[in-house]
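At position 13 of the sequence shown the residue is numbered 65 (the working numbering), and the sequence of numbers has no breaks. Glycine included, every Cβ here is placed at the ideal spot set by N, Cα and C. Remember, predicted model here, so these are calculated numbers, not experimental data. All remarks here apply to the structure that follows.
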Amino acid sequence: MTIDILNHLPDKYRQAAAETYYEAFRRKLHPIMRDDRKAIAALAADFDAERAIVALVDGEFAGIAGIKHDGRQLANLTWATMRQQFGIWGALWRFALLALLERKQEKGVLLMDGIAVRPEMRGKGVGTQLLEAVYAYAREAGFDAVRLDVVDTNPRARQLYERRGFIAEKTASYPFLQRVMGFSAVTTMTRPVNAQ
Numbered sequence: 053m054t055i056d057i058l059n060h061l062p063d064k065y066r067q068a069a070a071e072t073y074y075e076a077f078r079r080k081l082h083p084i085m086r087d088d089r090k091a092i093a094a095l096a097a098d099f100d101a102e103r104a105i106v107a108l109v110d111g112e113f114a115g116i117a118g119i120k121h122d123g124r125q126l127a128n129l130t131w132a133t134m135r136q137q138f139g140i141w142g143a144l145w146r147f148a149l150l151a152l153l154e155r156k157q158e159k160g161v162l163l164m165d166g167i168a169v170r171p172e173m174r175g176k177g178v179g180t181q182l183l184e185a186v187y188a189y190a191r192e193a194g195f196d197a198v199r200l201d202v203v204d205t206n207p208r209a210r211q212l213y214e215r216r217g218f219i220a221e222k223t224a225s226y227p228f229l230q231r232v233m234g235f236s237a238v239t240t241m242t243r244p245v246n247a248q
């Protein structure tokens, strides 16, 4: 098994990337998007190819990590695409709810904008390779640290991040989100670029 890493999202993998990303974050996104097919179409159309790190296994799409900096992020949904998929009113209220998920970027810190691995590729090192590629990107681009957020219902991801040198900084509780979005707390974790 050969894992190759790309620092961009080629067009031919947009659909697979959108499906994988949506599946990984469905519990969080579905209450807002409500229509899986339209949500995946919007993601596929609006992913920012230059804010993606992609893993290929033996030449096939295996996973994606999003990064956010300089005001750009992987899931860069536009008004035009959202209006096309959901209509004017549907796009308006979805944008209002998506704004609640927005995370502020700090100077000198690369924000990881989600990591998603195809189900059949999990447990084979793809997520670890993507995480290390994000870290390498941060180092090469001159960032001081990488920051990510992990929800309380994803302990395997948190364990991976801890094994890769990320340190929990703070946990915010959102008990009112448990029923709707399936999680009740988010932990912010960082890894300094100079860490080994």
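Integer-rounded CB distance, given that G179 should sit under 8 Å from G115: Taking the sequence shown and counting its residues from 1, the one referred to as residue 115 is at position 63. Taking the sequence shown and counting its residues from 1, the one referred to as residue 179 is at position 127. Indeed they touch by this definition, with Cβ atoms about 7 Å apart.
Helix, strand or coil at M53 [DSSP, three-state]: To locate residue 53, count along the sequence shown from 1; it is residue 1. DSSP places M53 in coil when its eight states are reduced to three.
V202 by DSSP, collapsed to three states: which one? Along the sequence shown, read from residue 1 onward, the residue named residue 202 stands at position 150. Judged by DSSP in its simplified three-state form, V202 adopts strand.
Using CA coordinates, which residue listed in Q67, A101, K176 is at the minimum distance from I92? Position 40 of the sequence shown, counted from the start, is the residue given in the question as residue 92. The shortest C-alpha separation from I92 is found at Q67.
Is the distance from the Cβ of A104 to the Cβ of I55 below 8 Å? Taking the sequence shown and counting its residues from 1, the one referred to as residue 104 is at position 52. Taking the sequence shown and counting its residues from 1, the one referred to as residue 55 is at position 3. Going by C-beta atoms, A104 is not nearer than 8 Å to I55.
Where does L126 sit, in a helix, a strand or coil, going by DSSP? Sequence index remark: in the sequence shown, residue 126 carries index 74 (1-based). Here L126 sits in coil by DSSP.
Count the other CB atoms, across all protein chains shown, that sit within 10 Å of the CB of M53; report buried if there are 16 or more and exposed otherwise. Here residue 53 refers to the residue found at position 1 of the sequence shown. Exposed, since its Cβ has fewer than 16 Cβ neighbours within 10 Å.
Only counting the same chain, and skipping five residues up and downstream in sequence, which positions put a Cβ closer than 8 Å to that of T72? As a first step, residue 72 is located in the sequence shown; it is residue number 20 there, counting from the start. F113, G115, I116, A168, V169, R170, listed in sequence order.
Take the Cβ of A190 as the centre, count every other Cβ of all protein chains shown within 10 Å, and call the residue buried at 16 or more, exposed below. Here residue 190 is taken as the residue at index 138 of the sequence shown, counted from 1. Burial call: buried.
With a CB to CB cut of under 7 Å and the five nearest residues on each side skipped, what residues in its chain are close to F195? Reading the sequence shown from its first residue, position 143 is the one you call residue 195. The answer, listed in chain order, is G160, V161, L162, V245.
Put D165 into one of helix, strand or coil per three-state DSSP. In the sequence shown, residue 165 corresponds to position 113, counting from 1. In the structure shown, D165 sits in a strand (DSSP, three-state: E or B).
Which residues DSSP lists as bridging I92, in chain order: Within the sequence shown, residue 92 is the residue found at index 40, counting from 1. Bridge partners of I92: none, in fact.
Chain-order list of residues whose beta-carbon lies under 8 Å from that of G177 (same chain, five-residue window excluded): One-based indexing of the sequence shown puts residue 177 at position 125. Correct list, in chain order: I55.
With a CB to CB cut of under 6 Å and the five nearest residues on each side skipped, what residues in its chain are close to L149? One-based indexing of the sequence shown puts residue 149 at position 97. Excluding sequence neighbours, L149 sits near I84.
For V186, name the three-state secondary structure that DSSP assigns. The sequence position of residue 186 within the sequence shown is 134, counting from 1. Correct three-state label for V186: helix.
Assuming the contact rule is C-beta atoms closer than 8 Å, V238 and A224 should be a hit. Round their C-beta distance to whole Å, please. Residue numbering aside, residue 238 sits at position 186 when the sequence shown is read from its first letter. Residue numbering aside, residue 224 sits at position 172 when the sequence shown is read from its first letter. Cβ-Cβ separation between V238 and A224: approximately 5 Å, consistent with a contact (criterion under 8 Å).
Cutting at 6 Å between CB atoms, please list the residues of its own chain near Y213, excluding the five before and the five after it. On the sequence shown, residue 213 is found 161 positions in, with the first residue counted as 1. M241, listed in sequence order.
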